[in-house]
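Asks:
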Amino acid sequence: MSSDIVRKKIIFKGNVQFVGFRFQAKYLADTLGLTGYVENLPDGSVRMEVQGRERTIEDMIICLHQKRPIRIETMEQEYLSLEKKEKGFRYMW
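Taking the numbering used here, the leading residue of the sequence shown gets 15, the next gets one more, and so forth.
1) In chain order, what residues of the same chain lie with their CB nearer than 7 angstroms to the CB of glutamine 31, ignoring the 5 residues before and after it?
2) Please classify isoleucine 76 as buried or exposed, where buried requires at least 16 other C-beta atoms within 10 Å of its C-beta.
3) Considering only C-alpha positions, which residue in the set Trp107, Lys81, Gly66 is nearest to lysine 99?
4) Across the segment 90-98 and the segment 38-45, are there enough close Cβ pairs to call them in contact, namely three or more that are closer than 8 angstroms?
5) Can you give me the start and stop residues for the alpha helix (DSSP H) that phenylalanine 37 sits inside?
6) Considering Cα atoms alone, identify which of Gly34, Asn29, Thr49 is closest to phenylalanine 23.
7) For leucine 96, does the three-state DSSP call read helix, strand or coil?
8) Going by C-alpha distance, which of Arg104, Ile19, Ser95 is nearest methionine 62?
9) According to DSSP, isoleucine 86 sits in a beta bridge with which residue or residues?
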């Protein structure tokens, strides 16, 4: 893998459940060639683990900010170890 590939855990808070957030995240990740997953958390936030080029992940987040009625108020981000065998981007239930 290229050295500019990263994996991030991002917790999104705001109006992020029941507004198509996971659908939009999967669509964007698939379109941009990112891997990982997205899931709703019991506290109303959404957790995403996403892997790809850092700039591409940033582009995805910019697009999510522009989708209505999604309203991201805060994000907590941390870098994780890369997943070498991961294929695609999926929903977690």
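Just so it is clear, CB atoms sit at the ideal spot from N, CA and C, and this is done for glycine as well.
Replies: This is what the structure gives:
1) The sequence position of residue 31 within the sequence shown is 17, counting from 1. Here the set comprises Asn54, Gly58, Val60.
2) Here residue 76 corresponds to residue number 62 of the sequence shown, with the count starting at 1. Exposed.
3) Locating residue 99 in the sequence shown gives position 85, counting from the first residue. Closest option to lysine 99, Cα to Cα, is Gly66.
4) no
5) Walking along the sequence shown from the start, residue 37 turns up at place 23. Element bounds for phenylalanine 37: 35-46.
6) The residue you call residue 23 lines up with position 9 of the sequence shown. Looking at the sequence provided, one finds lysine at residue 23 rather than phenylalanine. Out of Gly34, Asn29, Thr49, Thr49 has the C-alpha closest to the C-alpha of lysine 23.
7) By one-based count along the sequence shown, residue 96 stands at place 82. Three-state result, leucine 96: coil.
8) Taking the first residue of the sequence shown as position 1, residue 62 is located at position 48. If we check each option's Cα against that of methionine 62, Arg104 comes out closest.
9) In the sequence shown, counting from the first residue as 1, residue 86 sits at position 72. Answer by DSSP bridge pairing, in chain order: Gly28.
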